[in-house]
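J.: For the sequence shown, the numbering used here assigns the number 470 to the initial residue and increments by one for each residue that follows.
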Amino acid sequence: MNQFLRIEPVADDSVEQAFSVLTETARWLIAEGRRQRIGNTSFETYQAWQKSSANYVVLKSNEIAGIFSLPVEDFVDWPAYQHIDASIWLRALATHPDFRNQQIGEFAIRSALELAGGETVYLDCVSGFLPSYYGKQGFEVIDQQVKEFSDGTYDITLMRSK
C-alpha cells in the first residue's frame, strides 16, 4: 500500500466535507467539458450511504484527496439484471481536483475491491474513456445502453469486477 495514502470510513462529522469533494470534482469536469453524471448524486443519497457505512475517503497527508462509496443496491437502472440479488456498487468515485494525476482514483478502486472482500463489484459510467479506465483497474463491460435520466440522455456502460 502507498505509505502516503490511506482509506478511512467517512466520519459522521465529515460527511459534508467529503461530499464537497464530489461537487468540486463535478464542477471541474464541467469546466473541462467532460460530460459525466458524477454531480447527480444528491446529498440525501450520500447521507443514506453514510447511514449504511458505505462512504470512504482517500486521505493524503490527512487531507481528503478522494472519495468513493460502496453501497449495496439493486439494479434499478438495468431491468435486464434485476434478477441478480442486491450487489455492491462502486459509486461517487471522485478525486479532488487539487490531487489530480496522483493515482488517487486507482488507489481508491484497488481499496474498494479489497473492502468488497472478493465479492463482485458493479459500476455504471458514461461511455467514452471511462470503460477503458475501469477496464485497466480490473473491471469488464457487461452491457452498454443509451439511457434517459432527468438531466439528459447518456450512453452508459455497465461493468463488473473480474
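Cβ atoms here follow ideal geometry from the backbone N, Cα and C, with glycine treated the same way.
Relative to the C-alpha of E575, which residue among I557, E542, T589 and V527 is closest?
T.: One-based indexing of the sequence shown puts residue 575 at position 106. Checked all of I557, E542, T589 and V527; the closest Cα to E575 is V527.
J.: Expressed to the nearest angstrom, what Euclidean distance is found between the alpha-carbon atoms of G502 and R569?
T.: Reading the sequence shown from its first residue, position 33 is the one you call residue 502. Reading the sequence shown from its first residue, position 100 is the one you call residue 569. Rounded to whole angstroms, G502 to R569 spans 16 angstroms at the Cα level.
J.: Over the uninterrupted alpha helix (DSSP H) stretch that includes F512, give me the two end residues.
T.: By 1-based counting over the sequence shown, the position of residue 512 is 43. Note, F512: alpha helix (DSSP H), F512 to K520.
J.: Put A523 into one of helix, strand or coil per three-state DSSP.
T.: For the purposes of this step, residue 523 is identified with residue 54 of the sequence shown, where counting begins at 1. Three-state result, A523: coil.
J.: Considering only C-alpha positions, which residue in the set E477, A487 and G597 is nearest to Y623?
T.: Against the sequence shown, residue 623 aligns to sequence position 154. For Y623, the nearest C-alpha among the options comes from G597.
J.: How is K616 classed by DSSP in three states: helix, strand or coil?
T.: Indexing the sequence shown from 1 puts residue 616 at position 147. Residue state, collapsed to three classes: strand.
J.: Given V484, which residues of its chain have a CB within under 6 angstroms of its CB, disregarding the five upstream and five downstream residues?
T.: In the sequence shown, the residue the question calls residue 484 occupies position 15. So the list reads Q519, once near-sequence residues are dropped.
J.: A549: which of F618, Q614, D481 and E477 sits nearest, CA to CA?
T.: If you number the sequence shown from 1, residue 549 lands on position 80. Answer by Cα proximity: Q614.
J.: Just checking, does the region 603-610 make contact with the region 530-544 on the three C-beta pairs under 8 angstroms criterion?
T.: As far as the Cβ criterion goes, the region 603-610 does not touch the region 530-544, which means the pair count is below three.
J.: Taking R560 as the reference, which of I499, A577, W497 and E477 has the closest Cα?
T.: Translated into the one-based positions of the sequence shown, residue 560 becomes position 91. R560 has its Cα closest to that of A577, out of I499, A577, W497 and E477.
J.: Apart from the five residues on each side of it in sequence, which residues of its chain come closer than 6 angstroms, Cβ to Cβ, to P600?
T.: As a first step, residue 600 is located in the sequence shown; it is residue number 131 there, counting from the start. Hits under 6 angstroms: V610 and T626.
J.: On the CB-based measure, 16 or more other CB atoms within 10 Å of its CB, does H552 come out buried or exposed?
T.: As a working mapping, residue 552 is identified with position 83 in the sequence shown. Exposed.
J.: Which runs of the alpha helix (DSSP H) fall wholly inside the region 540-621 and span at least 4 residues, in chain order?
T.: With a minimum length of 4 residues, the continuous alpha helix (DSSP H) runs that stay inside the region 540-621 are 573-584 and 599-605.
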